[in-house]
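Quick mapping for you: the protein sequence lines, in order, are chains A and B. Going by the numbering used here, the first sequence opens with residue 13, and the numbers climb by one from there. Going by the numbering used here, the second sequence opens with residue 13, and the numbers climb by one from there. Heads up, the thing below is written out as structure tokens.
2 protein chains.
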Amino acid sequence: MKSINTSPISGMQELLPPEQAVFNQLKKQVEEVFRLHGFQNIETPIIDRTEILLAKAGGDTEKQIYKVVKTKETEQDADQALRYDHTVPLARFITEHENNLTFPLKVSQIGRNFRGERAQKGRFREFYQCDIDIVGRNTLPTIYDAEIITTLYRALETFNLPALSIRISNRKILSGFLSELNLQAYTAEIFNIIDHAEKVPEKVTISRLQALSIGDDNVNKILTVMQIRGSREQTIARLRALSIQNEVFHQGIEELDTVLSSLEQHGLGPHLSADLSIIRGLDYYTGTVFETFLKDYQAIGSIASGGRYENLTSFFSSRPFPGVGGSIGLTRLFHVLKENNLLKNQITPPIDYALIPLSAKEYETAYALSQKLHQKGQSTDIILTEKDLKTKLSQAAKTATYAVVIGEQEAKTQNFVAKNLTTRAEIPLAP
Amino acid sequence: MKSINTSPISGMQELLPPEQAVFNQLKKQVEEVFRLHGFQNIETPIIDRTEILLAKAGGDTEKQIYKVVKTKETEQDADQALRYDHTVPLARFITEHENNLTFPLKVSQIGRNFRGERAQKGRFREFYQCDIDIVGRNTLPTIYDAEIITTLYRALETFNLPALSIRISNRKILSGFLSELNLQAYTAEIFNIIDHAEKVPEKVTISRLQALSIGDDNVNKILTVMQIRGSREQTIARLRALSIQNEVFHQGIEELDTVLSSLEQHGLGPHLSADLSIIRGLDYYTGTVFETFLKDYQAIGSIASGGRYENLTSFFSSRPFPGVGGSIGLTRLFHVLKENNLLKNQITPPIDYALIPLSAKEYETAYALSQKLHQKGQSTDIILTEKDLKTKLSQAAKTATYAVVIGEQEAKTQNFVAKNLTTRAEIPLAP
């Protein structure tokens, strides 16, 4: 029957209506939690100038970006591409609209981003991210870092997931530590090795560190620090016991203490651990970094992460806008929850009432009933096909919770019966 | 201060948070009305195969489409482009997922589409469209056409706009009429002239029709029919009085009558007119066509439109999926409402309560209060900057409705006062 390949391009999410309803519900829950916590939503364009999007790019970004071109160029347009995250457009937005914004600016962004990665299972090229950021002008207190983590946690909490585990570090600790060892020139390489340590056997990490020729003593010291993890008190105590002089190191410890204390105050204590192996790749983070895992599904990877960045707008503006942000990768999360059967109980029929007038004469009654149900927030579908009642009922059973058959009698008496299409129970409907 | 052009690309909507909140609210209202009327939401990918997107294209579409290319092609990918409407991806979706869908399928799609038009005021290259469609397998009763129009009307009704006017025609009437005159070969050209008639003086329309060399008598007959407009009874009567034999012509009249009658039953009578000059461009419509105007702002153009299409999936599949659909161009509508000051009273501060602890000691109280307010659906922003109280209050006044100052006394007594930041009124806050 098909005369053309109609599958979506690989790496693009396309859901059937019942699954889309679940996805939308999760998105709505995130939106609501973000709103309650005082984040104002913005939407930047999906298409932006390539020079903006690549201003701070490195690593794989440039390879993965989608450029856009008009089929027929009718005018001189700047090079354009699709945004690959929400953070770079936010930096542009803040630089552009600075004078019309109130700082600290608390913003949420929920939308699709695009990365032309190699297609593979569980990797999306077009995916929803739910971001929140708090951005100050010139300064921003550290306690805001905890607000980002708490808000993301509250959003995830609404998903009824198995136990969550939030792992937190502060990059200043490792940076200061490496400075103390006179290894600051190796910071990027060492961060990269630590960032990948969890995915490889320990001996690989050791040989990678050794390959830097920084001395066995330093390798051992780095291994010791990167393996520090545990409760706030333990971790802070162990770090302080290292008797490091470096100021940045101690600033990092103070900040980590502040963030963890605030999160404990927010009631997140049981889900927290300090963890010096958390790095967050080669990104722009400068202080707090965090990742969130499902305790019993560590293989899924982090489902919400982020951190503090002091210099985000530095490519666009000379004024400092320190910020802290985090993100839930909703498309990927939805996919892994589905794969692990963690969504099952959330799928409900998308329509509340299927109204089935037996003939054209009862249509007016059906329509009036639908209006009354709408006022109560109940959704309706009036089935108007020229099929027999049995076919209509089986059609209704696929999309609705209840069916209401409307014949002459019902039109006259205005007494309606709603039949639960799963349990078969019939209850009077008083709209 | 800026070191780079940070303005969004021309033709892209970028709103500040208070305006974005209004835009989001309108979008949410549309979503809710679509949901209540039994439409199930789907989301097709923004990036699709170019051969799909251009399968039925003609006119300007090909010129306006945005192609996407990865900076570094690492594999053989099909030609890809950004969707320019929701209808073509819907046709692909239905062909692809036919066996997993329930027909008639009632779907909504709300998202951004992309057209690389020449940049000009009020024209967007990236814009939200809110579409609903009802698609049958093999057949679909005409009465569903009225459901599309009613649902779009109910969505617009929530915007508190000035009076709306819905102008409806059925293409079969003019098609049948032209067949009767043996002018079927000129249908596309004549439709095009009628479609543009409202934007040019009548003599231009006449000379365009004369240029077709179809005879003055036929030109006059066409002018007579295309100017027929009015109430259902009047219009139907005038059309029948033309004593045309053609069957399609009469089928069109029947369908127009059915749709208008059903809309009257839905209470839309006062806003309706039959109008034979409505064509809807060179699109794929085959029956009902409609446009919606703000009565006192006709120059704005149609704000919601659509129609019946019998052959949408014909490029992808041999099975007929007749459908009817319509769309609200939300980005453009929002823009013209703003330009005409029709949004003014909808802008409210995005945050309900700004909570201002006087020192770190009161933070815990502020946090506990925020949790209680969240449970009541009230949004909060705890202001944690190291500024003086006056600065914090003026910051709060820019984003919140109320401010709650929390000092030692409030922390002890748990008695809070909410200050309305506009009226200055103070009321006790019992969360």
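Ideal placement from N, C-alpha and C gives every residue a C-beta, glycine not left out. Quick caveat: nothing in here was measured; it's all calculated off a predicted structure.
Extent of the continuous alpha helix (DSSP H) run through residue i
| i | result |
| --- | --- |
| L168/A | 155-169 |
| T62/A | 62-65 |
| F419/A | Reading off the sequence, residue 419/A comes out as Gly, not Phe. It is not in any alpha helix (DSSP H) - G419/A carries neither H nor E in the DSSP assignment. |
| Y379/A | 375-387 |
| T236/A | 228-238 |
| T18/B | Careful: T18/B lies outside any alpha helix (DSSP H) and carries neither H nor E. |
| A408/A | 401-411 |
Close beta carbons around residue i, own chain, < 6 Å, minus the five adjacent residues each side
| i | result |
| --- | --- |
| A378/A | L367, P369, I394, I418 |
| I291/A | F203, I206, D207 |
| Y321/B | Y296, Y297, T298, G335 |
| E303/A | R179, I290, S314, S317 |
| I64/A | R104 |
| D157/A | V271, T300, R320, V336 |
| K79/A | A93 |
First through last residue of the beta strand (DSSP E) which encompasses residue i
| i | result |
| --- | --- |
| D364/A | 363-369 |
| P440/B | 438-441 |
| R220/A | Here R220/A belongs to no beta strand (DSSP E); instead the alpha helix (DSSP H) covers 214-222. |
| Q141/B | 138-147 |
| S181/A | 176-182 |
| T304/B | 300-306 |
| L284/B | 284-287 |
Residues of its chain near residue i, where Cβ-Cβ distance is below 8 Å and the 5 sequence neighbours each way are ignored
| i | result |
| --- | --- |
| K133/A | none |
| H262/A | G188, I256 |
| I363/A | S391, T392, D393, T411, A412, T413 |
| L173/A | L306, L349, L354 |
| S181/A | L268, A286, D287, L288, S289, I290, I291, T300, V301, F302 |
| E192/B | I256, Q257, N258, F261 |
| P20/A | E26 |
| H283/A | Y165, A175, L176, S177, I178 |
When the options are compared against residue i, the one with the closest alpha-carbon
| i | options | result |
| --- | --- | --- |
| I160/A | C142/A, L396/A, F171/A | C142/A |
| I185/B | E74/B, V45/B, D269/B | D269/B |
| A415/B | E422/B, E438/B, T163/B | E438/B |
| G148/A | M238/A, G128/A, N111/A | N111/A |
| N125/B | L117/B, Q222/B, Y140/B | Y140/B |
| L385/B | Y375/B, Y365/B, K402/B | Y365/B |
| Q277/A | P57/B, T170/B, T236/B, E374/B | E374/B |
| E267/A | T247/A, P282/A, L280/A | T247/A |
| R127/B | T397/B, K404/B, A93/B | A93/B |
| A311/A | E420/A, H109/A, E351/A, T154/A | E351/A |
| G281/B | A372/B, S371/B, T236/B, L176/B | L176/B |
| T12/A | N427/A, G293/A, K118/A | Because residue 12/A is not part of the residues shown, which for chain A are 13 to 443, the question remains open. |
| Q426/A | A442/A, V42/A, K388/A, N53/A | A442/A |
| I146/B | T170/B, L168/B, V212/B, V119/B | V119/B |
| I54/B | L113/A, E74/A, A33/A, G341/A | A33/A |
| G123/A | V42/A, L168/A, P153/A | V42/A |
8 Å contact criterion, which residue i and residue j should meet: CB distance rounded
| i | j | result |
| --- | --- | --- |
| D91/A | T62/A | 4 Å |
| I77/A | L66/A | 7 Å |
| Q99/A | G338/A | Residue identity differs from the one stated: residue 99/A is Thr in this sequence, not Gln. Actually they do not touch by this definition, with Cβ atoms about 10 Å apart. |
| S273/B | R244/B | 7 Å |
| G23/B | R137/B | 3 Å |
| F333/A | T163/A | No, F333/A and T163/A are not in contact; Cβ-Cβ is about 20 Å, not under 8 Å. |
| L28/A | H49/B | Incorrect: roughly 20 Å between the Cβ atoms, too far for contact. |
Own chain, CB closer than 7 Å to residue i, minus 5 neighbours either side, in chain order
| i | result |
| --- | --- |
| A103/A | L324, T325, F328 |
| Q196/B | L190 |
| M238/B | I206, A209, L288, S289 |
| Q222/B | V231 |
| I234/B | I202, L221 |
beta-carbon residue i near the ligand FMN non-hydrogen atom, thresh 7 Å
| i | result |
| --- | --- |
| L441/B | Of the ligands one can find in the structure shown there are none, so the ligand FMN has no counterpart to examine. |
>> What are the residues in the region 348-375 of chain A lying within 7 Å of chain B by C-beta distance?
In response: P362, I363
>> To be precise: take each residue of the region 110-121 of chain A, compare its Cβ to all Cβ atoms of chain B, and keep it if any distance is under 9 Å. Which residues remain?
In response: E110, N112, L113, T114, F115, P116, L117, K118, V119
>> Which residues of the region 48-72 of chain A have a Cβ closer than 8 Å to any Cβ of chain B? Give them in chain order.
In response: L48, H49, G50, Q52, N53, I54, E55, T56, P57, I58, I59, D60, R61, E63, I64, A67
> Listed in chain order, which residues of the region 316-337 of chain B have Cβ atoms closer than 8 Å to some Cβ of chain A?
Replying inline: F327, F328, S329, S330, R331
>> Under 7 Å, CB to CB, which of the residues in the region 376-408 of chain B have a partner in chain A?
In response: E376, Y379, H386, S391, T392, D393, L396, T397, E398, Q407
>> Counting only Cβ-Cβ distances shorter than 7 Å, please list the residues of the region 275-293 of chain A near chain B, keeping chain order.
In response: Q277, H278
> Name the residues in the region 26-39 of chain A whose C-beta lies less than 9 Å from a C-beta of chain B; which are they?
Replying inline: E26, L27, L28, P29, P30, Q32, A33, F35, N36
>> Please list, in chain order, the residues of the region 141-164 of chain B that have any C-beta partner in chain A closer than 7 Å.
In response: P153, I155, Y156
> Taking Cβ-Cβ distances below 7 Å as the criterion, which residues of the region 407-437 of chain A are in contact with chain B?
Replying inline: Q407, K410, T411
> Residues in the region 228-240 of chain B with C-beta within 9 Å of chain A's C-beta atoms, listed in sequence order?
Replying inline: none
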